[in-house]
Amino acid sequence: MKVVNGKDAFTIKKALIEMRKDQYIIKNAYRKPIVPVKLTRSKYKIKLDEDVKIFDDDGYPIPEGISLMNPEICSCILCNYSRLKEDSWDRFEDDTWYLIYDFENICDEALADYPMLMRIVECKIDGLQNIEIQKILQEEFNITHSLEYISSLFRNKIPKLIADKAVDKYLDWYYTTQEKGKYKKCSRCGQIKLAHNKYFSYNKTSKDGFYSICKKCRNSSRKEKMKS
Ligand SMILES: [Zn+2]
């Protein structure tokens with residue numbers, strides 16, 4: 000085996016890092032969340048390239064290892080965010096860097112419609128206590144939440160929303176690159192969504208086995224009915 004060292008080694012290492020970055024951009028273009036397994040041989044090693052191969056009976060991916068589709072993992076990242084971010088800063092050779100990069104993107108998307116939850120995340124990352132967050136929510140959103148409720152939003156609701164968004168991305172990635180999925184247009188909102196139980200309820204009497212109106216529209220019309 001040929002051994003390189005000194006400047007050559009540095010050049011090669013740099014090239015490898017660049018390659019890794021490109022590879023990552025490609026992966027990201029496919030919108031595939033990272034689904035690595037086997038946490039840590041060393042402090043910075045988390046294996047990246049592990050796929051979910053199993054789907055449950057309803058067609059939901061079953062994540063294994065360090066997957067953003069797992070709410071517990073998302074919660075764990077949120078709780079340790081500052082430290083993970085600091086540890087992986089500029090370390091493009093570390094999987095943690097990619098994990099955090101993906102996490103931030105998915106988190107932004109998942110919470111785009113929930114400004115208050117996003118604010119809680121920001122406050123938590125800044126190291127604020129729940130009692131301080133409570134005050135900020137009162138001032139900025141005119142909402143009073145109990146400390147317990149704020150804590151449960153951060154520990155349960157927010158990680159679930161992020162993991163749910165990761166599942167969306169995984170399904171889209173899977174059914175556009177691995178297997179040809181069927182996409183259909185909701186007859187109410189007109190959005191094109193994957194013909195999957197996550198987006199359309201089952202309907203035995205319809206041709207493709209799903210309702211023609213998406214779950215989101217069905218739920219909102221149900222709420223409308225309850226109001227009137
Ligand atoms: Zn719809």
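Okay, so the sequence shown: first residue is 0 according to numbering that gives the first Met the number 0, each after it adds one.
All residues carry an ideal CB built from backbone N, CA and C; glycine is no exception.
Exposed unless 16 or more other CB atoms sit within 10 angstroms - verdict on residue i
i      : result
Cys106 : buried
Pro70  : buried
Trp96  : buried
Leu146 : exposed
Gln133 : buried
Glu223 : exposed
Ser220 : exposed
Tyr148 : exposed
Ile124 : exposed
Phe54  : exposed
Ile61  : exposed
Asp112 : exposed
Cys185 : buried
Cys188 : exposed
Three-state class that DSSP yields for residue i in the structure shown
i      : result
Leu67  : coil
Asp48  : Only weak support exists for where Asp48 lies, its pLDDT of 48 falling under 50; the value from the coordinates is given anyway. DSSP places Asp48 in coil when its eight states are reduced to three.
Lys203 : coil
Tyr97  : helix
Pro158 : helix
Tyr173 : helix
Pro62  : coil
Ile212 : coil
Lys181 : coil
Ile191 : strand
Val36  : With a pLDDT of 48 at Val36, under the threshold of 50, the modelled position of this residue cannot be trusted; read the value that follows with caution. Residue state, collapsed to three classes: coil.
Arg30  : Only weak support exists for where Arg30 lies, its pLDDT of 45 falling under 50; the coordinates are left without a value.
Asn233 : Residue 233 is absent from the structure shown; the chain starts at 0 and stops at 227.
Ala109 : helix
Gln128 : coil
Ile142 : coil
Asp167 : helix
Any non-hydrogen atom of ligand 3 within 7 angstroms of residue i CB
i      : result
Arg187 : This structure simply doesn't include ligand 3; it includes ligand 1 instead.
Residue j beta carbon less than 8 angstroms from that of residue i
i      : j      : result
Met225 : Ala165 : no
Cys73  : Ile161 : yes
Gly208 : Tyr201 : yes
Phe140 : Met115 : yes
Which residues DSSP lists as bridging residue i, in chain order
i     : result
Phe54 : Pro60
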